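Have a look at the structure below before the remarks.
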Amino acid sequence: MQLNLLETFRAVIEQGSTQAAASTLGITQSAVSRRVTQLERELNLELFRRDKGRLVPTRECVALQGKIFGMVDRGQQLQHLAGDLKRGNSSAIRLRIAVPASLTLSILPRILRQYLEANDRVQIELHSGPYDTIERMLLDDRAEVGFLRIPVQRAGLDLRPSIEAHTVCVMPNGHPLTQKAVITMEDLRAEPLILLGRMRAPRRELDEAFWMSGLAPNVRVEAHSVLSACSLVAEGLGLTLVNELMARDFDHLPVTKRPLAPTLTHRFAFASNAEMPLSQAAENFVALSSEILQSLLGRNDTRQAVP
Numbered sequence: 001m002q003l004n005l006l007e008t009f010r011a012v013i014e015q016g017s018t019q020a021a022a023s024t025l026g027i028t029q030s031a032v033s034r035r036v037t038q039l040e041r042e043l044n045l046e047l048f049r050r051d052k053g054r055l056v057p058t059r060e061c062v063a064l065q066g067k068i069f070g071m072v073d074r075g076q077q078l079q080h081l082a083g084d085l086k087r088g089n090s091s092a093i094r095l096r097i098a099v100p101a102s103l104t105l106s107i108l109p110r111i112l113r114q115y116l117e118a119n120d121r122v123q124i125e126l127h128s129g130p131y132d133t134i135e136r137m138l139l140d141d142r143a144e145v146g147f148l149r150i151p152v153q154r155a156g157l158d159l160r161p162s163i164e165a166h167t168v169c170v171m172p173n174g175h176p177l178t179q180k181a182v183i184t185m186e187d188l189r190a191e192p193l194i195l196l197g198r199m200r201a202p203r204r205e206l207d208e209a210f211w212m213s214g215l216a217p218n219v220r221v222e223a224h225s226v227l228s229a230c231s232l233v234a235e236g237l238g239l240t241l242v243n244e245l246m247a248r249d250f251d252h253l254p255v256t257k258r259p260l261a262p263t264l265t266h267r268f269a270f271a272s273n274a275e276m277p278l279s280q281a282a283e284n285f286v287a288l289s290s291e292i293l294q295s296l297l298g299r300n301d302t303r304q305a306v307p
């Protein structure tokens, strides 16, 4: 049964005439009469007696009035909720996000502040952990959208346009190498290093860069997050080589960053379960996040499709 038939019924009852109901609904008086007749036909019940052009409610009409009014209210509420969901801004939405812990200190809070200013009814459920855990959460539907390093380790993930970040050298403030504009592999020959991702692709690329320079890295600490690596640098335990995006979350620490030569590139993407399309709320989040991250990196023209 069409909602507009029930809305017309209520307008006739509340306004007392088809003419007033037509004015309230913004339709013609004849359209009101047709809708009333159609509703009676669908219910197989006379709701009004026709008396000299007037509609007089029958006893059956009075008996149904409360139920129909309730259906109109619920139908309109459903329409409003559907509209909010389509726009991605509803109190019925809980957006589950999974990101590396290193993004949660300042970058993600900045993104969420802007996101919630525009989508003030959405609830956020935030998870953080290593990339492997984020992949599992997406595939198990414990998170709707995640931020991953690519290539990913598992099949079944849908990846959005990639974000590229270069490797930077993070040093304690005042370190002699902070006087240089660019750090080379030769500069790191005798430096104690705090390195990440042993046995992972980015680390293999870094080890290869040392090897191509005829050097062996002096690894003092093997770390497992940019957060821990930069915190150790701040304590003067060595230098670290990390991607510039994550390193931005640690500008509050007493550290200095410089580009590394040769350029080593890290690729990231927002990901979701390939079998479950993103909600509009998640689409809005990904679009805003990508824009902010690209702006932070100053390379708005580097976005590209993920193969």
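Start counting the sequence shown at 1; every next residue gets the next number (the UniProt record's numbering).
The C-beta atom is built at its ideal place from N, Cα and C for all residues, glycine as well.
The model shown is predicted, which means the values in this text are computed figures rather than measured ones.
Burial state of residue i, where buried means 16 or more other Cβ atoms lie within 10 Å
i: proline 307; result: Reliability of the predicted coordinates at proline 307 is poor, the pLDDT of 42 falling under 50, and no value is obtained from them.
i: residue 309; result: The structure shown has nothing for residue 309, since the chain only spans 1 to 307.
i: alanine 21; result: buried
i: lysine 52; result: exposed
i: asparagine 273; result: buried
i: methionine 246; result: buried
i: valine 56; result: exposed
i: leucine 78; result: exposed
i: methionine 1; result: exposed
i: leucine 45; result: exposed
i: lysine 257; result: buried
i: serine 290; result: buried
Start-to-end residues for the alpha helix (DSSP H) that takes in residue i
i: arginine 136; result: 131 to 139
i: proline 109; result: 107 to 118
i: phenylalanine 285; result: 280 to 297
i: leucine 264; result: Taken as a continuous stretch (DSSP letters only), leucine 264 belongs to no alpha helix (DSSP H), as it is neither H nor E.
Residue range of the unbroken beta strand (DSSP E) whose run includes residue i
i: phenylalanine 171; result: Sequence inspection shows methionine at residue 171; the phenylalanine mentioned does not correspond to that position. Element bounds for methionine 171: 163 to 172.
i: leucine 196; result: 193 to 196
i: leucine 188; result: No beta strand (DSSP E) contains leucine 188, which DSSP labels as neither H nor E.
i: leucine 245; result: Unbroken run through leucine 245 is the alpha helix (DSSP H), 244 to 247; no beta strand (DSSP E).
Beta bridge counterpart(s) of residue i as assigned by DSSP
i: glutamine 123; result: Arg94
i: proline 259; result: Val168
i: asparagine 273; result: Leu157
i: valine 152; result: According to DSSP, which records beta bridges pairwise, valine 152 is partnered with nothing at all.
i: valine 99; result: Ser128
i: phenylalanine 250; result: Paired residues: none, contrary to the question.
i: glycine 146; result: Ala98 and Ala271
Open item on the list: Three Cβ pairs or more, each shorter than 8 Å: is that satisfied between the segment 245 to 253 and the segment 217 to 224?
Closed with: no
Task: Unbroken stretches of the beta strand (DSSP E), 3 residues or longer, contained in the segment 211 to 237 - done: 219 to 223
- [ ] Mind the definition here: the segment 183 to 194 touches the segment 230 to 244 only if three or more C-beta pairs lie below 8 Å; say whether that holds.
- [x] yes
Task: Complete runs of the alpha helix (DSSP H) confined to the UniProt domain "HTH lysR-type" (1 to 58) [at least 4 residues] - done: 3 to 15, 18 to 25 and 29 to 43
Open item on the list: Using 8 Å as the cut-off, can you tell me whether the segment 274 to 290 makes contact with the segment 111 to 127, which would need three or more C-beta pairs spanning the two stretches below that distance?
Closed with: yes
TODO: Take every Cβ of the segment 141 to 151, pair it with every Cβ of the segment 92 to 99, and state whether three or more of those distances are shorter than 8 Å.
DONE: yes
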